[in-house]
Amino acid sequence: MPFALLKYGLNGDFPFEKDADLPPPVSLKKRYDVVIIGGGGHGVATAYYLAKYHGITNVAVLEKGYLGGGNTARNTAVIRSNYLTSDGVKFYSESVKLFQNLSNEFDFNIMYSKRGQLTLAHTDAAIRGFRQRTEVNKHFGGKTELIGPKEIKELVPTLNMNPGHQPVLAGLWHMDGATARHDAVAWGYAKGATQRGVELHQLTEVTDVVVENGKVTAVKAKQGSVDHIIECGVVVQAVAGHSSLLAEKAGFRLPITTYPLQAMVTQPVKPFLDPLVSSPAFHCYVQQTGRGELVFGGGSDPYPLYNSRSTLELKEELLAHAVELFPFMANLKLMRQWTGLTDMTSDYSPIMGESPVQNYYLDAGWGTWGFKATPICGKTMAELVATGKTPSLIKPFGAERFNDFRQVNEMGATAASH
Amino acid sequence: MKVMTCPLNGPRNINEFVFGGEVTPLPDLQAPDQAWAEHTFYSYNGTGVVREWWFHSASGYWFVAERDRTTDQIIKTYDPSELAADIRTAMLDVDRKMFGVERKTEEVAP
Ligand SMILES: Cc1cc2nc3c(=O)[nH]c(=O)nc-3n(C[C@H](O)[C@H](O)[C@H](O)COP(=O)(O)OP(=O)(O)OC[C@H]3O[C@@H](n4cnc5c(N)ncnc54)[C@H](O)[C@@H]3O)c2cc1C
């Protein structure tokens, strides 16, 4: 084989990914059938499935910064489907299935790594909640079981089973729990979409939405100091933390509040932690990356803000909790810390589907948990755009649920686990 | 450490306070569900200076803060009795209808 390797290394096909890069930028056209605002994972995935499944390629993705530079490249990449409601479990487990095949589909490694996710119960009430989630998962998708301290100890020998005054009583063991390289997901979708004719315009900020007789007809955008008016048939907004600001330009409000979410990572150490571990009671989750670093985070900041600053308060709280769960972490150095702006809904479920403006579709309210949903969001939003009909998988997530007081409550299954 | 000045207790660690949402007048109790849904879920959530409810948990005291949602600068904090008359009137209205209590404007401390 070494000879074949040498031959391959020397021939003209090396490196083998000739089209590893995105096509060079082109000028904006006057009109597109579909304009997608936001070049995060959700935006480019929508473009990809529009082109791939529906043959709709006169599409522009407009991104004010760079591809995946928003929450897509800031998240801690937890992928799971162990939610609480049947609507949630059905939706997220479909996404996990799509994720499992993405590297093959892209012919590009997204480093999908199935590790299992362990959520800890420190109270009887938490155990009851876990039992319910185990049952719902059994019926609607996702492999999840309730396990006791003995099994927990086997899965994570380094875990402190008696942290503070809250001993670990049981665990929700979600075998489908996984992580992936988040920017590779955005790049895979963007490459697949642009190869099929979609245009990705980075450094292009949408500054206004033109609505005539209740219907969207164009968006205004800025590239540097140059203003453009881009006519369009349909608009999809997928701008995460900026959802309310953009909706206001389209003339309506959203049931969303924007909070910063912070995460951090330590120096690398030997591999010791296979599953993703999270404790809702401690507002903390910890996982080890393929490089050995410990990535950890908690819930959103305690009050709303449009600023990706980091705070001492959060570090103090999060570190204290992480060290209680894994005492030896006290000896590690923090390497980096960062923040993203999360668009939180009060029921911890997304807002997907139609908006008060005709032909203006929403993919918002993804808060602290939307990375795992990237594939299924793209697929269902593309179907909505192509057919004009809301796919049944996302019907429960329409914004109207807030007007009818029919929330899809995933708070307990989301808060500190993402 | 970020510090917030409580109108009752003076400057304290921000950790002692709980954010309580934007200050908006309550709808009439007889108002349709839509009005209540809007009040409950559809906040302004924009940038710039926003008037907000805050709670000092140690002393159980609610007050109002004006805070810049982009810089996180706390512009000022004050007792709810200093709220503009229209908001206080709306709150007194709820007292009357919901609890049958008549209160003076100065007594409003939700
Ligand atoms: C610290 C942190 C940890 C997280 N951990 C997890 C996790 O473990 N698991 C999980 O599933 N989820 C997690 N999330 C949530 C997840 O990252 C998001 O829900 C998801 O990435 C949203 O994807 P998106 O494509 O909608 O948004 P983004 O990737 O944020 O993309 C939106 C894009 O819109 C652009 N934009 C905004 N306004 C405009 C405009 N006017 N014109 C043009 N472009 C605009 C932005 O620049 C941005 O690039 C986490 C988030 C954070 C911040």
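Line by line, the protein sequences are chains V and C. According to my numbering, the residues represented by the first sequence are 13 to 430, in order. According to my numbering, the residues represented by the second sequence are 249 to 358, in order. Ideal Cβ positions, reconstructed from N, Cα and C, are used throughout, including at glycine.
Checklist entry - How about Ile122 of chain V: is its Cβ closer than 7 Å to a heavy atom in ligand 1? => result no
Item to check | Neighbour-count burial assignment, Lys64 of chain V, 16 or more Cβ in a 10 Å radius | outcome: buried
Next on the checklist: Just checking Ile268 of chain V against ligand 1 - is the residue's beta carbon closer than 7 Å to any of the ligand's heavy atoms?
Outcome noted: no
Item to check | Under 8 Å between C-beta atoms of Pro179 of chain V and Glu336 of chain V | outcome: no
Checklist entry - So is Leu324 of chain V in contact with chain C if we call contact Cβ pairs under 8 Å? => result yes
Checklist entry - Ile91 of chain V bridges to which residues according to DSSP? => result V:Ala190
Checklist entry - Cα separation between Leu353 of chain V and Gly253 of chain V? => result 5 Å
Checklist entry - Out of V:Thr191, V:Val277, V:Val246, V:Ser39, which has the shortest C-alpha to C-alpha gap to Thr386 of chain V? => result V:Thr191
Checklist entry - Do Glu300 of chain C and Glu270 of chain C have their CB atoms nearer than 8 Å? => result yes
Next on the checklist: Output needed for Gly245 of chain V: all residues of its chain with C-beta closer than 7 Å, excluding positions within five of it in sequence on either side, in chain order.
Outcome noted: Asp45, Val46, Asn371
Checklist entry - Taking the alpha helix (DSSP H) that Gln370 of chain V falls in, what are its first and last residues? => result Counting along the chain, Gln370 of chain V falls outside any alpha helix (DSSP H), and DSSP gives it neither H nor E.
Checklist entry - Counting pairs of beta carbons, one from the stretch 216-232 of chain V and one from the stretch 88-96 of chain V, are three or more of them closer than 8 Å? => result no
Item to check | Unbroken stretches of the beta strand (DSSP E), 3 residues or longer, contained in the stretch 316-390 of chain V | outcome: 346-356, 363-366, 372-376
Next on the checklist: At a threshold of 7 Å, does Gly82 of chain V count as lining ligand 1 (C-beta to nearest heavy atom)?
Outcome noted: yes
Checklist entry - Using a Cβ cut-off of 8 Å, which residues of the stretch 240-269 of chain V contact any Cβ in chain C, in chain order? => result Ser256, Leu257, Glu260, Arg265, Leu266, Pro267, Ile268, Thr269
Checklist entry - Cβ of Leu258 of chain V within 7 Å of any heavy atom in ligand 2? => result Among the ligands in the structure shown, ligand 2 does not appear; only ligand 1 can be found there.
Checklist entry - Got a sec, what are the start and stop residues for the alpha helix (DSSP H) Leu257 of chain V sits in? => result 255-262
Next on the checklist: If the cut-off is 9 Å on Cβ atoms, which residues from the stretch 317-343 of chain V count as contacting chain C, listed in chain order?
Outcome noted: Leu317, Tyr318, Asn319, Arg321, Thr323, Leu324, Glu325, Glu328, Glu329
Next on the checklist: Distance check for Gly21 of chain V and Phe15 of chain V, CA to CA, integer angstroms please.
Outcome noted: 10 Å
Checklist entry - If you run the structure through DSSP and keep just helix, strand and coil, what is Ala357 of chain C? => result For Ala357 of chain C, the predicted model reports a pLDDT of 45, less than 50, meaning its position is unreliable; a value from the coordinates is still stated below. Ala357 of chain C: coil per DSSP, three-state reduction.
Checklist entry - Going by C-alpha distance, which of V:Tyr360, V:Arg418, V:Thr426 is nearest Ile268 of chain V? => result V:Tyr360
Checklist entry - Taking the C-alpha atoms as reference points, what is the distance between Trp284 of chain C and Glu412 of chain V? => result 14 Å
Next on the checklist: Going by the DSSP bridge assignment, what does Lys232 of chain V pair with across the sheet?
Outcome noted: V:Asp220, V:Ile241
Checklist entry - Using a Cβ-Cβ distance under 8 Å, would Thr253 of chain C count as near chain V? => result no
Next on the checklist: Taking only three categories from DSSP, how would you classify Lys165 of chain V?
Outcome noted: helix
Checklist entry - What does Asp316 of chain C pair with, by DSSP beta-bridge criteria? => result C:Val297
Item to check | Boundaries of the alpha helix (DSSP H) in which Gly309 of chain V is found, first to last residue | outcome: Segment 306-309 is the beta strand (DSSP E) holding Gly309 of chain V; no alpha helix (DSSP H) there.
Checklist entry - How many Å lie between Thr170 of chain V and Leu74 of chain V at the Cα? => result 46 Å
Next on the checklist: List, in chain order, every chain C residue whose beta-carbon is nearer than 7 Å to that of Asn415 of chain V.
Outcome noted: Gln282, Ala285
Checklist entry - Cα separation between Phe442 of chain V and Asn116 of chain V? => result Beyond the ends of chain V as shown, which are 13 and 430, falls residue 442 of chain V; an answer cannot be given.
Checklist entry - Closer than 8 Å, CB to CB, is Arg317 of chain C near chain V or not? => result yes
Checklist entry - Name the chain V residues that come within less than 9 Å of Phe267 of chain C, Cβ to Cβ? => result Pro314, Tyr315, Pro316
Next on the checklist: Quick check: Leu266 of chain V and Ile388 of chain V, are their CB atoms within less than 8 Å of each other?
Outcome noted: no
Checklist entry - Which chain C residues are close to Ser358 of chain V, counting only those with a beta carbon under 9 Å from its beta carbon? => result Thr288, Phe289
Next on the checklist: If you reduce the DSSP assignment to three classes, tell me which class Thr272 of chain C lands in.
Outcome noted: coil
Checklist entry - Out of V:His177, V:Glu157, V:Gly377, V:Gln214, which has the shortest C-alpha to C-alpha gap to Ser39 of chain V? => result V:Gln214
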